[in-house]
Amino acid sequence: MNQPKDLRDDIFATVQHREFTANVTVWDAGVICGMRCVRETLESLGAVIRHMENDGAALAAGDLVLSFTATPKVIAQAEDMVLGYIAKPSGIATAARRAVDLAQGRLKVVSGAWKKMPREFKGLLREAITAGGAAVRITDQPFVYLDKNYVRILGGVGPTLAAVSGLNSMVKAIQLRGEIEDIAAETRAALAGNARILMVDTGSRTDLATVVQTVRDLGAREKVSIAFAGQVKIADIPDMLRLDVDILDVGTQIIDAPLLDLKLDVVCTHRD
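Residue numbers (the numbering used here): 21 to 292.
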C-alpha cells in the first residue's frame, strides 16, 4: 500500500535544500523537562542542535529552551513532535518544583500518581517529577509497600506485616486507613510488625494526629517515618509544615499540572 504523500514536500519544494534555524522559547517561567526525547527526535530527523537546556533548568518567561538548524520539512516535523515532549513534562516539573520549594526541605514531597498512568508514559512522568526535585517513591531504600488492598485481603495490618516478616532486608511501608481496626490500633500493630513507614492514606488530619500521638506514646517517633496522602494539594503544604509529618504525597495535582506554554520561531535563514 502506498504511503500518502506529504504535502510539505510540495509546499517547500523551492527551498527544500535550504537550512533554517528555529528557536523554542517559553511563554511563562517554568522548569524544563523532556529534553532526552527532544535530542533523540531531532537527531533522528537530521537536525543540528545549537543550544539545548538540560532537564531541571529553571527558566524565566521568554528564555530560550532549544535552538536547532534543519531543512524546512524537518522544522515542520519537529514542531509537531518536539513541543509535545517538552510542554507536558515541563508543566509537571514546574508543579513539582513549586511543591518542593513550599516544603522548604522540612518534609519529603512525593508524587506517586505516575503509577496510575499508561505504561508508555510512566518513564517520562518519572523524569518530570524528578526534574522538579520531588520524589517518585517514598524511600530510596529497597522496600515493600503494603496498600489497603493487601490489608483487606490478609485481614488487618498485623497479619499483613506478618506475611512479609521474612523480608528483613526491605523497609516495610504500610497504609493505615482505620478500616478493619481503628487507626490507633492499626498504628500499634504496624509498630509491632516492624513497619518503618506509616502511610496515613485517608486525607484526614485528625487521623494523622491520632497516628502521630500513638507513635509518640509508644516512644517510637524516631524509629518511623510518617507519610500522609489523600487529595493533598500543593497549596496545603505550608499548613502541613506545622504538623508532624515526614513525607507528603502530592499525587494528582502534580501530574495534572497544565502544559508549560512554548513557541517555535524560525529566526534565521541559511542560503544554499
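Glycine included, every Cβ here is placed at the ideal spot set by N, Cα and C.
For this session: Could you spell out the range, first to last residue, of the beta strand (DSSP E) harbouring M219?
Result: 217-220
Exercise. Tell me, which residues are paired with I267 by DSSP?
Worked result: K128, A247
Exercise. Do you know offhand how far A229's Cα is from S131's?
Worked result: 22 Å
Exercise. Whole-angstrom Cβ separation of D227 and V220, contact assumed at under 8 Å?
Worked result: 5 Å
Exercise. If you draw a straight line from the C-alpha of Y105 to the C-alpha of V252, how long is it?
Worked result: 27 Å
Exercise. Between A49 and R126, what straight-line distance do the alpha-carbon atoms span, to the nearest angstrom?
Worked result: 25 Å
For this session: Throw me the rounded Cβ distance for the A119 and V270 pair, which I believe falls under 8 Å.
Result: 5 Å
Exercise. Where does Q161 fall in DSSP's three states?
Worked result: coil
Exercise. Are R225 and L263 touching if we call contact CB-CB under 8 Å?
Worked result: Contact: yes.
Exercise. Considering only the beta carbon of each residue, do N95 and V286 sit closer than 8 Å?
Worked result: Note on identity: in this sequence residue 95 is Ile, with Asn being the wrong assignment. Going by beta carbons, I95 and V286 fall inside the 8 Å limit.
Problem set entry | Residue range of the alpha helix (DSSP H) that includes F141 | 139-151
Exercise. Just to confirm, are T45 and L282 a CB contact at a threshold of 8 Å?
Worked result: yes
Problem set entry | the stretch 165-175 touching the stretch 64-82, judged by at least three CB pairs closer than 8 Å | no
For this session: Using the Cα positions of R241 and T207, report the straight-line distance between them to the nearest angstrom.
Result: Going from the Cα of R241 to the Cα of T207 covers about 12 Å.
Problem set entry | Minimum C-alpha distance to T150 - residue among R59, I274, V164 | I274
Problem set entry | Enclosing beta strand (DSSP E) for R70 [first to last residue] | 68-72
For this session: Mind reading off the beta-carbon distance from A297 to V68? Whole number of angstroms is fine, and I expect it under 8 Å.
Result: This structure leaves residue 297 out entirely; the chain is present only between 21 and 292.
For this session: Could you spell out the range, first to last residue, of the beta strand (DSSP E) harbouring E39?
Result: 39-46
For this session: Whole angstroms is fine: what's the gap from L145's alpha carbon to K243's?
Result: 32 Å
Exercise. Under a three-way DSSP split, which group does A77 fall into?
Worked result: coil
Exercise. Between the C-alpha atoms of V164 and L174, what's the straight-line distance to the nearest angstrom?
Worked result: 15 Å
Exercise. Nearest to M260 by alpha carbon, out of K128, A209, A155?
Worked result: K128
Exercise. Thinking C-alpha only, which one of A116, K135, I158, I194 is nearest A148?
Worked result: Nearest C-alpha to A148: A116.
Problem set entry | C53 - DSSP class collapsed to helix/strand/coil | coil
Problem set entry | Assumed close pair A113, V156 - CB separation to whole angstroms, cut-off 8 Å | A113 to V156, Cβ: 12 Å. No contact.
Problem set entry | Backbone secondary structure at K283 - three-state DSSP | Residue state, collapsed to three classes: strand.
For this session: Give the C-beta separation of A182 and G213 to the nearest angstrom, bearing in mind that I take them to be a contact with Cβ-Cβ under 8 Å.
Result: 7 Å
Exercise. To the nearest angstrom, how far is it from the Cα of A255 to the Cα of G223?
Worked result: 14 Å
Exercise. Can you list, in chain order, the residues of its chain whose CB lies under 6 Å from that of R197, leaving out five sequence neighbours each side?
Worked result: K168, D221, T222
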